[in-house]
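Peer 1: Encoded as structure tokens, here's the structure I'll be asking about.
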Amino acid sequence: MQVFLETERVWLRPFTRADLDNLYELDSDPEVMRFITGGIPTPRDVIRDRTLPRFLRPDARFAGYDFWAAIERSTGRFLGWFEFRPRQPDGTDEVELGYRLRRDAWGQGYATEVARALIDTGFRELGVRRVVASTAAENRASRRVMEKAGMTLVRAYRQVWPGLYQDEPQDDVEYALHRADWEQLHQPA
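Here it is, written out as structure tokens:
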């Protein structure tokens, strides 16, 4: 197995076509999809025809940035996925951190562990200037992961997600961490 990043308990590896069932199972859980689609599962054909191809198509311009399958090291179990990708198509100064985990992996620190490792890799090795992440304002668990990873609340905003939530605006939040702030957190005492 090709591993991009390794933490104490998780491997991040590139997606393969064999991950179709993993992604379908993940996106079929209404609780996992609660703050993404209002709990509506993603149809298998959408995963097969849109989601998985996007996850399989790394951007050759940006080595080290991608969507990654998260695998529990001790069992080989698929936990979910992480995204660490440039926010704009023209550079890597600002990257977006994203994640989606299976419900049975919630509350065990996996998201925080991997988020911290991706942020550290971005600042130490990839020359990232700023990492951002966003979620639904009421998604307290995801917000807590961002905070534990060193990110701070930047803004609250309303977003319309076409085709979801009856096209009503939703309250979202954005968190960020600047390289200079990260460096201060990691200075020797």
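With this note's numbering applied, the sequence shown covers -8 to 180. We put the CB at the ideal spot given by N, CA and C, even for glycine.
(1) Helix or strand or just coil, what does DSSP make of E(-1)?
(2) So, is A9 buried or exposed, given that buried needs 16 or more other C-beta atoms within 10 angstroms?
(3) Any idea what DSSP makes of A102, helix, strand or coil?
(4) Do A167 and V123 have their C-beta atoms within less than 8 Å of each other?
(5) Decide yes or no for the touch test of the region 19 to 28 against the region 87 to 97: beta carbon pairs closer than 8 Å, at least 3 of them.
(6) Would you mind sorting A147 into buried or exposed? The rule is 16 or more other CB atoms within 10 Å of its CB.
(7) Can the beta-carbon of R134 be found less than 8 Å from the beta-carbon of T126?
(8) Are there 16 or more other CB atoms within 10 angstroms of the CB of D12, so buried, or fewer, so exposed?
(9) Rank E85, P44, Q175 and F73 by C-alpha distance to the C-alpha of Y101 and give the top, closest one.
(10) Is it true that the CB of L47 sits closer than 8 Å to the CB of A61?
(11) Considering only DSSP beta bridges, list what W72 is partnered with.
(12) How long is the line joining the alpha carbons of D57 and E138, rounded to whole angstroms?
(13) Give me the Cα-Cα distance between Q99 and D81, rounded to the nearest whole angstrom.
(14) Pick helix, strand or coil for D36, following the three-state DSSP scheme.
(15) CA-CA distance, A106 and A140?
(16) Roughly how many whole angstroms lie between the Cα atoms of L(-4) and D162?
Peer 2: Let me lay it out:
(1) It is coil, neither helix nor strand.
(2) Exposed: under 16 other Cβ atoms inside 10 Å.
(3) A102: helix per DSSP, three-state reduction.
(4) Contact: yes.
(5) Because the criterion of three Cβ pairs below 8 Å is met, the region 19 to 28 and the region 87 to 97 touch.
(6) Looking at its Cβ environment, which holds fewer than 16 other Cβ atoms inside 10 Å, A147 is exposed.
(7) Inclusion of R134 and T126 in the CB contact set at 8 Å is warranted, their separation being smaller than that value.
(8) By the 16-neighbour rule on beta-carbons within 10 angstroms, D12 is exposed.
(9) Scanning E85, P44, Q175 and F73 for the CA closest to the CA of Y101 turns up F73.
(10) For the pair A61 and L47, the CB atoms are not nearer than the 8 Å cut-off.
(11) Paired residue(s): A60 and R91.
(12) In this structure, the straight-line span from the alpha carbon of D57 to that of E138 is close to 22 Å.
(13) Distance between the alpha carbons of Q99 and D81: 36 Å.
(14) It is helical.
(15) Going from the Cα of A106 to the Cα of A140 covers about 6 Å.
(16) Their Cα atoms are separated by approximately 33 Å.
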